[in-house]
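Residue numbers (full-length UniProt numbering): 1 to 329.
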């Protein structure tokens, strides 16, 4: 998805580091920053979350530009971090006008991040360097070695570096903040996602094939199948290829815990990028979607044949056969 979006905007020659296992944002940023650094380059890095929306793009671009230039007139030195203040303290901080909310957006030279992590978290730094050293390249993608990365601590950029800058003056790593007012909702949960989507009658939000009757202030998000709701109020209903979610709007924050539970129980319920057709006999057929202009081989054991799929521009793949194929996910 990232590679296709880059091509759509005319950006070419970008390397995308693929994490074989999840190790949170600090290792992800380290792997990305190490790529140009090992080539002797020090580009400016902009760290952004995929689940943020900026309603004022001009203000956002202005803040990014200010951070990029590290203008002394606009950057504010970090004095301290206060983790998740309660509502009373948060109101007090806002009224004082001396506090900024940490958006989780960061910009720095790649070399600065690499040096900061090596000083503050040497174990993570070494694991990421080792994983990258043994990586392989596949077109736009850098496939990071999973064995070294498995020993890497899993933690966030804020926890490992950003929030330590004001307390680790001896490390010699400056940190600053740039004020930004760009309409910044975090859409990392379904209730906040519904707030930035267009609403229809009775405050309802829908996506793709849905039917509503007597519903209020609810989100029905369909994927491949019809989603119908009757008499719902403040409810989230989301249908995907491998799972269906139903939740009270006020409790969508527990979804992360459910995902953690699914992983812990080793459930086969996963959203996959490939589909096996008529599995159970050999040779089996596996279909992996790829963009039309760049066919890719399907990776199979060496004892079987390799094949390449190149779906048409419509994005659909079909075959004539009297009996519908059996699909296993």
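The C-beta atom is built at its ideal place from N, Cα and C for all residues, glycine as well.
Item: At a cut of 8 angstroms, does the stretch 201–220 reach the stretch 91–106 through at least three beta carbon pairs?; Value: no
Item: Where do the ends of the alpha helix (DSSP H) carrying residue 93 lie?; Value: 87–96
Item: Skipping 5 residues on each side, what residues in its chain have a beta carbon closer than 8 angstroms to that of residue 281?; Value: Bear in mind that the predicted position of residue 281 carries a pLDDT of just 48, short of 50, making it unreliable; the figure below should be weighed with that in mind. Contacts found: none.
Item: Can you tell me which residues form a DSSP beta bridge with residue 233?; Value: 216
Item: Relative to the alpha-carbon of residue 113, which residue among 161, 93 and 94 has its alpha-carbon at the smallest distance?; Value: 161
Item: Using a Cβ distance threshold of 8 angstroms, determine whether the stretch 22–36 contacts the stretch 143–157, with at least three qualifying pairs required.; Value: yes
Item: Identify, in the order they occur along the chain, each residue of the same chain with its Cβ nearer than 6 angstroms to the Cβ of residue 226, setting aside the five sequence neighbours on each side.; Value: 209
Item: Which residues in the same chain as residue 130 place their Cβ atom closer than 6 angstroms to its Cβ, once the five residues preceding and following it in sequence are excluded?; Value: 148
Item: Can you say whether residue 230 is buried or exposed, counting buried as having 16 or more other CB atoms within 10 angstroms of its CB?; Value: exposed
Item: Sort 177, 191, 45 and 144 by Cα distance to residue 81 and report the nearest one.; Value: 177
Item: To which residues of the same chain is residue 56 closer than 7 angstroms at the C-beta, ignoring the five residues directly before and after it?; Value: 182 and 183
Item: So what's residue 134 in DSSP terms, helix, strand or just coil?; Value: coil
Item: Could you tell me which residues DSSP pairs with residue 221 in its beta bridges?; Value: 207 and 238
Item: So who's on the other strand from residue 109, going by DSSP bridges?; Value: 44
Item: What's the C-alpha gap between residue 189 and residue 211?; Value: 23 angstroms
Item: For a test of the three-state rule: what should DSSP assign to residue 247, helix, strand or coil?; Value: strand
Item: Under three-state DSSP, which class holds residue 73?; Value: Below a pLDDT of 50, predicted positions are generally treated as unreliable, and residue 73, at 48, falls in that range; the measurement from the model is reported next regardless. Looking at residue 73 - three-state DSSP - the assignment turns out to be coil, as it is neither helix nor strand.
Item: Is it the case that the CB of residue 138 approaches a heavy atom of the ligand FMN more closely than 7 angstroms?; Value: This structure does not include the ligand FMN; it has no bound ligands of any sort.
Item: Residues in the same chain with beta-carbon distance under 6 angstroms from residue 244, minus the five sequence neighbours each way, listed in chain order, please.; Value: none
Item: Rounded to whole angstroms, what is the Cα-Cα separation between residue 220 and residue 94?; Value: 35 angstroms
Item: Pull up the distance between the alpha-carbon of residue 38 and that of residue 117, whole angstroms please.; Value: 15 angstroms
Item: When we look at the beta-carbon of residue 17 and count the other beta-carbons within 10 Å, is it buried (16 or more) or exposed?; Value: buried
Item: Helix, strand or coil: which one does DSSP assign to residue 79?; Value: coil
Item: Could you tell me whether the Cβ atoms of residue 241 and residue 224 are closer together than 8 angstroms?; Value: yes
Item: Helix, strand or coil, according to DSSP, for residue 16 in the structure here?; Value: strand
Item: According to DSSP, is residue 159 helix, strand or coil?; Value: helix
Item: Per the DSSP calculation, residue 52 is bridged to which residue(s)?; Value: 186
Item: What does a CB cutoff of less than 8 angstroms around residue 293 pick up in its chain, not counting 5 residues either side in sequence?; Value: Here the model assigns residue 293 a pLDDT of 47, short of 50, so the residue's position is not dependable, and the following value carries that caveat. Cβ neighbours of residue 293 beyond the five flanking positions: none.
Item: Judging by CA-CA distance, which residue of 139, 119, 146 and 140 is the nearest neighbour of residue 335?; Value: Given that the chain is displayed from residue 1 to residue 329, the structure contains no residue 335 and the question cannot be resolved.
Item: Measure the CB-CB distance between residue 128 and residue 46 and report whether it falls below 8 angstroms.; Value: no
Item: Looking only at C-alpha atoms, which of 236, 260, 259 and 143 sits nearest to residue 250?; Value: 236
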